[in-house]
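These notes concern the structure reproduced below.
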Amino acid sequence: MSFLTPLYLLGALAVAAPIVVHLIRRSPKGEVLFSSLMFLSPTPPKITRRSRLENWPLLLLRALALILLALAFGRPFLRKEARLEASEAGERRIVVLLDTSASMRRGDLWERAKGLADAAIADARPGDRLALLAFDEETTPVMSLDESDTLDPRRRLAVARARLADLSPSWRSTDLGQALLDAVAAVQDTSDDEEEPPVPRLIILVSDLQRGASLDALGDFEWPSDVVVELKSVADPSGNASLQRLAEPPEPGPGAKGGSGADVLRVRVSNEASSAVERFRLRWAGGGGAPIDVSVPPGESRVVRVEPPEGGSGGALVLEGDAHPFDNTLSIADPPRVEETVLYVGDDATDDPRGLRYYVDRVFDDLPRRSVRVRGVGPGETLAIEAEASVPLIILEGEPDAERVDRLARFARDGGTILAVLTGEGRPRAVEAIVGTDLGEVADAVADPDVMLGQIDFGHPLFSPLSAPQYNDFTSVRFWNYRRLDEEVLGDARVVSRFEGGDPAVVEWPVGRGRVVLFAAGWAPGDGQLARSSKFVPLMAALLDLGGDDRFDATSLIVGDPVPLPEGEGDRAVRTPAGAVVALADQADWFEGTDAPGLYAIESSGGSAPFAVNLDPSESRTDPIELAALEQLGVRSAGREADPAAEAEQLRQLMNAELEGRQKLWRWGIVAAIGILIVETWLAGRLARRRPARAEAMAT
Numbered sequence: 001m002s003f004l005t006p007l008y009l010l011g012a013l014a015v016a017a018p019i020v021v022h023l024i025r026r027s028p029k030g031e032v033l034f035s036s037l038m039f040l041s042p043t044p045p046k047i048t049r050r051s052r053l054e055n056w057p058l059l060l061l062r063a064l065a066l067i068l069l070a071l072a073f074g075r076p077f078l079r080k081e082a083r084l085e086a087s088e089a090g091e092r093r094i095v096v097l098l099d100t101s102a103s104m105r106r107g108d109l110w111e112r113a114k115g116l117a118d119a120a121i122a123d124a125r126p127g128d129r130l131a132l133l134a135f136d137e138e139t140t141p142v143m144s145l146d147e148s149d150t151l152d153p154r155r156r157l158a159v160a161r162a163r164l165a166d167l168s169p170s171w172r173s174t175d176l177g178q179a180l181l182d183a184v185a186a187v188q189d190t191s192d193d194e195e196e197p198p199v200p201r202l203i204i205l206v207s208d209l210q211r212g213a214s215l216d217a218l219g220d221f222e223w224p225s226d227v228v229v230e231l232k233s234v235a236d237p238s239g240n241a242s243l244q245r246l247a248e249p250p251e252p253g254p255g256a257k258g259g260s261g262a263d264v265l266r267v268r269v270s271n272e273a274s275s276a277v278e279r280f281r282l283r284w285a286g287g288g289g290a291p292i293d294v295s296v297p298p299g300e301s302r303v304v305r306v307e308p309p310e311g312g313s314g315g316a317l318v319l320e321g322d323a324h325p326f327d328n329t330l331s332i333a334d335p336p337r338v339e340e341t342v343l344y345v346g347d348d349a350t351d352d353p354r355g356l357r358y359y360v361d362r363v364f365d366d367l368p369r370r371s372v373r374v375r376g377v378g379p380g381e382t383l384a385i386e387a388e389a390s391v392p393l394i395i396l397e398g399e400p401d402a403e404r405v406d407r408l409a410r411f412a413r414d415g416g417t418i419l420a421v422l423t424g425e426g427r428p429r430a431v432e433a434i435v436g437t438d439l440g441e442v443a444d445a446v447a448d449p450d451v452m453l454g455q456i457d458f459g460h461p462l463f464s465p466l467s468a469p470q471y472n473d474f475t476s477v478r479f480w481n482y483r484r485l486d487e488e489v490l491g492d493a494r495v496v497s498r499f500e501g502g503d504p505a506v507v508e509w510p511v512g513r514g515r516v517v518l519f520a521a522g523w524a525p526g527d528g529q530l531a532r533s534s535k536f537v538p539l540m541a542a543l544l545d546l547g548g549d550d551r552f553d554a555t556s557l558i559v560g561d562p563v564p565l566p567e568g569e570g571d572r573a574v575r576t577p578a579g580a581v582v583a584l585a586d587q588a589d590w591f592e593g594t595d596a597p598g599l600y601a602i603e604s605s606g607g608s609a610p611f612a613v614n615l616d617p618s619e620s621r622t623d624p625i626e627l628a629a630l631e632q633l634g635v636r637s638a639g640r641e642a643d644p645a646a647e648a649e650q651l652r653q654l655m656n657a658e659l660e661g662r663q664k665l666w667r668w669g670i671v672a673a674i675g676i677l678i679v680e681t682w683l684a685g686r687l688a689r690r691r692p693a694r695a696e697a698m699a700t
């Protein structure tokens, strides 16, 4: 028998207390004189020099109760046939968790990590159950515990080391939190036999612990008390500089065009606080354009405007001067210019600044990467949509005839967007027919002196491009007139924005695969200032995106992102940065092979559509985190440098605690002590009753 807390056995020394009590004799004290005995000679009681134990059954019961209580607090357990000495090589469950994310490409980190993982595998005992997991943003089992059980113990370690040698770092980001959870699941996936001794569980984490790794998965997870993490860090303390492209602003502004007419790129150069350099250079791969010298002190970042090379804005921008080049190349795609047509159904003149058409003809001129043609459809013309033309938007002003309404409804059901603008009083019958809702009579509302947009849903795709703090101020957009809609009759419409008084300003109805967007006020000067504000261009561009084909932003993809594939007939393929051509299945809707940064291209009968894939910016945050950050999230760590003797002792204590927790022998000790105390109480009471009876008998 062994004890989990042997110091409590010192409580057994309390057994001396009842012995001392039983040895104490009560000697007579004082004298009482009786007149009837005054003529007798005194005979004092004989006092022995040695005390004699009395009531020894009570003494034994009390001592035994104290001993049982001390044993119970010592937490006894039976080892049975199990032996925990390292020399006898008991079974353990070990999971080697190896970081294969992009940050492991720095310097010699990967070779060091493989060496540590190989040493951890080599140190495993023949009886250990061993698993090898690799992780980046996902966890990949290289050798599971179940597979380990099927292998000959003499070959198990050799197989694991051979598979380790075949691994290489990826270009993906790091989800360390989820990887630890997957390792815990792997090490606990088999239930132990209750009759067998507990099995130690160990996770050996080999990683650079870079600050950009995600730990979110550990937030609500309760770490098991019997799982220990041993850290083998390959952190590199030297700083890192990185390069990221910034998102384009939602509205064009001064300087948005380069001298050649191509878009000027905005990039951010970041330098970590631990970096030893601060001077860098930006250049285009292939020698296009002039290099740009950039000074970025450690711990800071700089935004740089870069002129694209001649012939377009595609290519690779390289940051020079950094010791770790794995994240110093920024791939930039040159997407093809999209040609689209916007139909304007109304009778406004193109040269009348008091009408809507005048501003529609000019609003799409400054959109980057888009060539938009506005075609008017007058009262006597047929509303025809060419099959080969890309028509994402139809602007409806006025009341068309029934034939046009049918064509408009069909256009919306097929996925198009209709923008209906209320310019006067009356019943919007065309909108009612398309959306299937009775809107009733619409009345003019005259603001005194003006009214603004008081509530805007920036979560809607129409306003989301303007949700950033530098763009979401609409106080400069005033309206003098608008049309008041009865919100109770809008049906399943979504009110996207409201005027100050609460009246709906922008309303959207879903129609089939498309939608109808209703403006309660126009943008002409007679209604307000919308057409002459900086918000008009991004709003109209967002309307084009609502009704366009499903496209992706070819400038913001990161490694691992799936890419939607355009519909088309004939063979389709994707050309990778390495030059390989990946054929696509006819029914494929997504391409999921973006495993490396660089320039890709979707090739089909319609031409080539390039797109750029870059490294996740989080991988550039390479400063190592402290082990305390994991411990604060509940991870039970064995320390940075594992001492074999300390590890064996910790595993022994862990196994003892689990074995004692299963047996719970202390409960029987408490029950036995309580039973003995009950017997002792009964016996003490019985003896106490016998003493007065004996004294009375002697007196008579």
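According to the UniProt record's numbering, the sequence shown is numbered sequentially starting from 1. Where is the CB? At the ideal position from N, CA and C, for every residue including glycine. These numbers come from a predicted model, not from an experiment.
Within 10 angstroms of its Cβ, does residue i collect 16 or more other Cβ (buried), or is it exposed?
i, result
"residue 714", "Residue 714 lies beyond the residue range present for the chain, which begins at 1 and ends at 700; the question has no answer from this structure."
"MET655", "buried"
"GLN210", "buried"
"ALA119", "exposed"
"GLY424", "exposed"
"ASN472", "exposed"
"LEU243", "buried"
"ARG93", "buried"
"SER618", "buried"
"ILE674", "exposed"
"ASP414", "exposed"
"MET143", "buried"
In the DSSP assignment, find the alpha helix (DSSP H) that holds residue i and state where it starts and stops.
i, result
"GLN632", "627-632"
"VAL405", "402-413"
"GLU432", "429-435"
"VAL360", "357-363"
"THR150", "145-150"
"LYS181", "Before going on, a small fix: residue 181 reads as Leu here, not Lys. Start and end: 176-187."
"VAL234", "Element bounds for VAL234: n/a, residue is neither H nor E."
"ALA165", "153-165"
Any idea what DSSP makes of residue i, helix, strand or coil?
i, result
"VAL563", "strand"
"ARG305", "strand"
"ARG283", "strand"
"GLY315", "strand"
"ALA601", "strand"
"THR140", "strand"
"ASP620", "Here residue 620 turns out to be Ser, not Asp, going by the sequence shown. Note: SER620 maps to helix in three-state DSSP."
"ARG636", "coil"
"GLU230", "strand"
"PHE221", "coil"
Distance check for residue j and residue i, CA to CA, integer angstroms please.
i, j, result
"PRO297", "SER214", "26 Å"
"ALA688", "TRP56", "14 Å"
"ASP108", "VAL516", "58 Å"
"GLY502", "LEU485", "10 Å"
"ARG305", "PRO291", "12 Å"
"ALA409", "GLN178", "48 Å"
"ARG106", "ALA542", "41 Å"
"PRO538", "PHE458", "13 Å"
"LEU69", "SER225", "27 Å"
"PRO461", "ALA323", "42 Å"
"TRP110", "PRO76", "47 Å"
"GLU195", "GLY661", "Below a pLDDT of 50, predicted positions are generally treated as unreliable, and GLU195, at 41, falls in that range; the measurement from the model is reported next regardless. The straight-line gap from Cα to Cα measures roughly 12 Å."
"SER238", "ALA276", "8 Å"
"GLY669", "ALA63", "14 Å"
"LEU659", "VAL581", "59 Å"
"TYR600", "SER556", "13 Å"
Residue range of the beta strand (DSSP E) that residue i falls in?
i, result
"ARG373", "370-377"
"SER36", "Premise fails: SER36 is in no beta strand (DSSP E) and is neither H nor E."
"LEU209", "Element bounds for LEU209: n/a, residue is neither H nor E."
"LEU396", "393-397"
"PHE611", "607-614"
"LEU584", "Premise fails: LEU584 is in no beta strand (DSSP E) and is neither H nor E."
Less than 8 Å between the CB of residue i and some heavy atom of the ligand PLP, yes or no?
i, result
"VAL159", "You won't find the ligand PLP in this model; it holds no ligand whatsoever."
Please give me, in chain order, every unbroken run of the beta strand (DSSP E) with length at least 3 that falls completely inside the segment 441-522. For the segment 441-522, whole beta strand (DSSP E) runs of length 3 or above, ordered along the chain, are 443-451, 453-456, 479-484, 494-499, 504-511 and 514-519.
Would you mind listing the beta strand (DSSP E) stretches within the segment 59-128 that are 3+ residues and don't spill past its ends, in chain order? Within the segment 59-128, the complete beta strand (DSSP E) runs of at least 3 residues are 93-99.
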